[in-house]
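Asks:
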Amino acid sequence: MIVADDLTKVYAEKTAVDAITFTVQPGRVTGFLGPNGAGKSTTMRMIMGLARPTSGSVTVNGREYRDLPAPMHEVGALLEARAVHTGRTAANHLLALAQTHGIPRARVREVIDMVGIGEVADKRVGGFSLGMGQRLGIAAALLGDPGTLILDEPVNGLDPEGIKWIRDLLRHLAGQGRTIFISSHLMSEMALTADHLIVVGRGRVVADEAVTSFISRASARAVHVRSPHVDDLSRVLTAAGAAVTVQADGLLVVNDLNAPEIADLAADHGLRLYELAPQQASLEEAFMELTAADIEYHGSSS
Amino acid sequence: MTATQTTPVYVPPSGNVAFTGVLASEWTKLRSLRSTVWSLVAAVGMLVGFGLLFSWGVVSRWDRLGARERLTFDPTRISLGGVFLAQLAIGVLGVLIIGGDFSSGMIRSSLAAVPKRLPVLWWKAVVFGVVALVLMTVASIAAFEVAQTVLSGKGIQTTLGADGVLRAVLGAGLFLTWVALFGLALGTMLRNSAAAISTLVGVLLVVPILMNFLPSDWRDHIDRWLPSSAGDSLMAAHTTDAQLSPGIAATMLVVYLAISLGAAAVLLLKRDV
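Those sequence lines, one after another, are chains A and B. Each residue of the first sequence is one higher than the last, beginning at 1 in my numbering. Each residue of the second sequence is one higher than the last, beginning at 1001 in my numbering.
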């Protein structure tokens, strides 16, 4: 279990993490979602004791990371694909980490096979593809067989097969009662992998809830309506308090009224409907909507 | 999917970070990089090779040297002439041993495994220090013996048994070990290999040259306290009045190293990585 309490990190010119409070529970996959620059990586580095909070605290299993007697057995982390010396072989990199905790060589072999880098284990890491580097990082995180896994953008650079592999692995590990905390800026990936979401934007938590409730809460709740009586219907709905926009092809996009209300109003006024479709926002849209004001770097298109 | 009451509770394996573990880990890190091996080979090669080259040069020109030059000839000093190059190889290696960790991001893996941080620095220093001490001492003795063999062609050799010679030869090994660890401290403090190597070269080679621009009475007071001058004293069979005695020189080097490693430790503890 990871508990962040009023966790804050201020750098010289900007606040990267702004008094965030959250709990990551064991037994499920918790997604840490936010646009680039939202403070996800900084938060994860503070959990791992690599960056010191400006104020507030974060603990793993009730203790600050620095005070854990055997950190690799409690927390495994993939903080970035390349936290590895490029001149060393994958096997030696893992061995050097394992030795700090007296983890046997057999376990090093085991994680190498588990992540599927057996063929390149004795090659120097400098020549690894992004995907292999990612798998090596995951192997390092699994070395101590820890109860908590923290993975920063784990699917980065993985091919579709690799993505499915890590998704299944994380589900499996969460099923064993472990705490799984993964960050991503890809909403679609989170929809498939995570049970619970902590969403951040500009250093603040903007949502902390189950994936399903996140989607429904943030849904735009628009209803798409087609009718031969565009003008009449639009007037009636607007009078009833709806926000209506008429698109070029005659589609009415109705907000603030639900589908049954629209159907009843149309029937009351003798207006025929050809189509009545409540829109469910995707996780992607829900996320965009929630963080629209919080995104630091807006693209010019998209 | 949601967590339920029946979710199993995961119990991790036990075991602590032990100092023997960190020691073994640092040894693995050191031996598993090709650059380490090549830098050490280069340092040994320069030490022995240049001792050989310089002695051969003297022997080949000995009959044409003036009386004064013959009188001041120091067979110990010439055999250890390779120190000036070897110090760069071993010092740069000292920087890279930690600098490479900072530039590659490896330092995060290392410090996540050992969040108390300082054991990483201390054991790195111990492992690298012992390797450097053993290799540089052996190489210094080898350079000395090879050079004396060459010099014996003109009967101008000396022996380890002669006054002050053994201390000078061992002093060369000690000074090179000092440079290695000073490089490690600079690399830790500056976190940037290029900056640390520049600083190392500056301290060892440039500052002594700058001394020549000072008025001589200032220079005489300052120059002897420089690490390079203390090293010269340590490696000289017979020190001059302008130099510190070998004992004081060694003490000063220990003090400088303690200060720089101490500063490195404080910064390593304090900084985010």
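All residues carry an ideal CB built from backbone N, CA and C; glycine is no exception.
So which residues of chain B does residue 84(A) contact, with C-beta pairs closer than 8 Å?
Replies: The residue you call residue 84(A) lines up with position 84 of the first sequence. The answer, in chain order, is 1104, 1105, 1106, 1109.
Asks: Residues of the segment 38–52 of chain A with a CB closer than 8 Å to any CB of chain B: list them in chain order, please.
Replies: 45, 48, 49, 50, 51, 52
Asks: What residue from 261(A), 178(A), 268(A) has the CA that sits closest to residue 277(A)'s CA?
Replies: On the first sequence, residue 277(A) is found 277 positions in, with the first residue counted as 1. Considering only alpha carbons, the answer is 261(A).
Asks: Please name the residue, chosen from 1124(B), 1226(B), 1266(B), 1269(B), that lies closest to residue 1253(B) on a Cα-to-Cα basis.
Replies: As a working note, residue 1253(B) is residue 253 in the second sequence. Among 1124(B), 1226(B), 1266(B), 1269(B), the Cα nearest to that of residue 1253(B) belongs to 1226(B).
Asks: Between the Cα of residue 1071(B) and the Cα atoms of 1199(B), 1258(B), 1156(B), 1135(B), which residue gives the shortest distance?
Replies: As a first step, residue 1071(B) must be located in the second sequence, where it is residue number 71. Of 1199(B), 1258(B), 1156(B), 1135(B), the residue nearest in Cα terms is 1156(B).
Asks: Under a three-way DSSP split, which group does residue 185(A) fall into?
Replies: Locating residue 185(A) in the first sequence gives position 185, counting from the first residue. It is coil, neither helix nor strand.
Asks: If we ignore side chains and look at the alpha-carbon of each, how far apart do residue 126(A) and residue 1104(B) end up?
Replies: As a first step, residue 126(A) must be located in the first sequence, where it is residue number 126. As a first step, residue 1104(B) must be located in the second sequence, where it is residue number 104. Residue 126(A) and residue 1104(B): Cα-Cα distance of roughly 10 Å.
Asks: So what does residue 4(A) bridge to, in DSSP terms?
Replies: Taking the first residue of the first sequence as position 1, residue 4(A) is located at position 4. According to DSSP, which records beta bridges pairwise, residue 4(A) is partnered with 22(A), 58(A).
Asks: When the Cβ atoms of the segment 55–71 of chain A are set against those of the segment 3–17 of chain A, are three or more pairs found closer than 8 Å?
Replies: yes
Asks: Quick check on the DSSP output: what are the complete beta strand (DSSP E) runs of length 3 or more inside the segment 199–250 of chain A, in order along the chain?
Replies: 204–210, 223–226, 243–246
Asks: Work out the CA separation of residue 1181(B) and residue 1130(B) for me, nearest whole Å.
Replies: Working through the second sequence from its first residue, we reach residue 1130(B) at position 130. Working through the second sequence from its first residue, we reach residue 1181(B) at position 181. The straight-line gap from Cα to Cα measures roughly 10 Å.
Asks: Against residue 1033(B), what residues of chain A qualify as contacts under a CB-to-CB distance less than 8 Å, listed in chain order?
Replies: Against the second sequence, residue 1033(B) aligns to sequence position 33. Correct list: 85, 87, 88.
Asks: Going along the chain, which residues of its own chain have a beta-carbon closer than 8 Å to the beta-carbon of residue 15(A), five neighbours each way excluded?
Replies: By one-based count along the first sequence, residue 15(A) stands at place 15. Within the same chain, residue 15(A) has close Cβ partners 8, 9, 203.
Asks: Less than 7 Å between C-beta atoms, sequence neighbours within five positions excluded: which residues of the same chain meet that for residue 1001(B)?
Replies: For the purposes of this step, residue 1001(B) is taken as residue 1 along the second sequence, with counting starting at 1. Its pLDDT being 43, under 50, residue 1001(B) is placed unreliably in this model, and the value from its coordinates should be taken loosely. Once the five neighbours on either side are set aside, residue 1001(B) has no close Cβ partner at all.
Asks: Determine, using beta carbons only, whether residue 1021(B) comes closer than 9 Å to chain A.
Replies: Looking up residue 1021(B) in the second sequence gives position 21. So, interface residue.
Asks: CA-CA distance, residue 1003(B) and residue 159(A)?
Replies: For this step, residue 1003(B) is matched to residue 3 along the second sequence. For this step, residue 159(A) is matched to residue 159 along the first sequence. With a pLDDT of 43 at residue 1003(B), under the threshold of 50, the modelled position of this residue cannot be trusted, and the question is left open.
Asks: Run through chain B and tell me which residues come within less than 8 Å of residue 68(A), C-beta to C-beta.
Replies: The sequence position of residue 68(A) within the first sequence is 68, counting from 1. Chain B residues near residue 68(A): 1115.
Asks: Rounded to whole angstroms, what is the Cα-Cα separation between residue 1088(B) and residue 1044(B)?
Replies: As a working mapping, residue 1088(B) is identified with position 88 in the second sequence. As a working mapping, residue 1044(B) is identified with position 44 in the second sequence. Going by the C-alpha atoms only, they are around 12 Å apart.
Asks: Could you list which residues in chain A have their beta carbon closer than 9 Å to that of residue 1124(B), in chain order?
Replies: On the second sequence, residue 1124(B) is found 124 positions in, with the first residue counted as 1. Under the 9 Å cutoff, chain A gives no residues; its nearest Cβ is about 11 Å from residue 1124(B).
Asks: Any Cβ of chain A within less than 9 Å of the Cβ of residue 1101(B)?
Replies: Counted from its first residue, the second sequence places residue 1101(B) at position 101. Cβ-Cβ to chain A under 9 Å: yes for residue 1101(B).
Asks: By Cβ distance, which residues of its chain are closer than 7 Å to residue 245(A), with the 5 residues on each side in sequence left out?
Replies: Within the first sequence, the letter at position 245 stands for residue 245(A). Answer for residue 245(A): 253, listed in chain order.
Asks: Mapping DSSP to helix, strand and coil, what is residue 152(A)?
Replies: Against the first sequence, residue 152(A) aligns to sequence position 152. Strand at residue 152(A).
Asks: Quick one, are the C-beta atoms of residue 237(A) and residue 273(A) less than 9 Å apart?
Replies: The residue labelled residue 237(A) in the question sits at position 237 within the first sequence. The residue labelled residue 273(A) in the question sits at position 273 within the first sequence. No; because the gap between Cβ atoms is not below 9 Å, this pair is not in contact.
Asks: Between the segment 1218–1245 of chain B and chain A, which residues of the former have CB atoms less than 9 Å from a CB of the latter, in chain order?
Replies: Result list empty, no residue passes.
Asks: Which residue marks the beginning of the alpha helix (DSSP H) containing residue 324(A), and which one marks its end?
Replies: Because chain A in this structure spans residues 1 to 302, residue 324(A) falls outside the shown range and cannot be described.
Asks: Taking only the alpha-carbon atoms, compute the straight-line gap between residue 1206(B) and residue 1037(B) and give it to the nearest angstrom.
Replies: For the purposes of this step, residue 1206(B) is identified with residue 206 of the second sequence, where counting begins at 1. For the purposes of this step, residue 1037(B) is identified with residue 37 of the second sequence, where counting begins at 1. Rounded to the nearest angstrom, the two C-alpha atoms are 28 Å apart.
Asks: Out of 228(A), 27(A), 26(A), 39(A), state which residue places its alpha-carbon closest to the alpha-carbon of residue 205(A).
Replies: Indexing the first sequence from 1 puts residue 205(A) at position 205. Measuring from the Cα of residue 205(A), the nearest candidate turns out to be 39(A).
Asks: Closer than 9 Å, Cβ to Cβ, to anything on chain B: give me those residues from the segment 264–276 of chain A, in chain order.
Replies: Along the segment 264–276 of chain A, there is no position whose C-beta sits under 9 Å from a C-beta of chain B.
Asks: Between residue 1273(B) and chain A, is there a C-beta pair that is closer than 9 Å?
Replies: Taking the first residue of the second sequence as position 1, residue 1273(B) is located at position 273. It does; some Cβ of chain A falls within 9 Å.
Asks: Of the residues 150(A), 131(A), 255(A), which one's Cα is nearest the Cα of residue 45(A)?
Replies: Start at 1 with the first residue of the first sequence, and residue 45(A) comes out as number 45. That would be 150(A), whose Cα lies nearest to the Cα of residue 45(A).
Asks: Is the segment 102–113 of chain A in contact with the segment 172–182 of chain A, if contact means three or more CB pairs nearer than 8 Å?
Replies: no
Asks: Taking only beta-carbon positions, decide if residue 1137(B) is within less than 9 Å of chain A.
Replies: Here residue 1137(B) refers to the residue found at position 137 when the second sequence is read from its first residue. No, no contact with chain A.
Asks: Express the C-alpha separation of residue 290(A) and residue 268(A) in angstroms, rounding to a whole number.
Replies: Start at 1 with the first residue of the first sequence, and residue 268(A) comes out as number 268. Start at 1 with the first residue of the first sequence, and residue 290(A) comes out as number 290. Roughly 36 Å separates the two Cα atoms.
Asks: Step through the CB atoms of chain B and report whether any lies within less than 9 Å of the CB of residue 35(A).
Replies: Counted from its first residue, the first sequence places residue 35(A) at position 35. No - not a single Cβ of chain B is within 9 Å of the one on residue 35(A).
Asks: Is it right to say residue 1101(B) is buried, meaning 16 or more other beta carbons lie within 10 angstroms of its own, or is it exposed?
Replies: Locating residue 1101(B) in the second sequence gives position 101, counting from the first residue. Flag for residue 1101(B) reads buried.
Asks: The beta strand (DSSP E) with residue 125(A) in it runs from where to where?
Replies: Numbered from 1 along the first sequence, position 125 holds the residue referred to as residue 125(A). From DSSP, residue 125(A) is part of no beta strand (DSSP E); its letter is neither H nor E.
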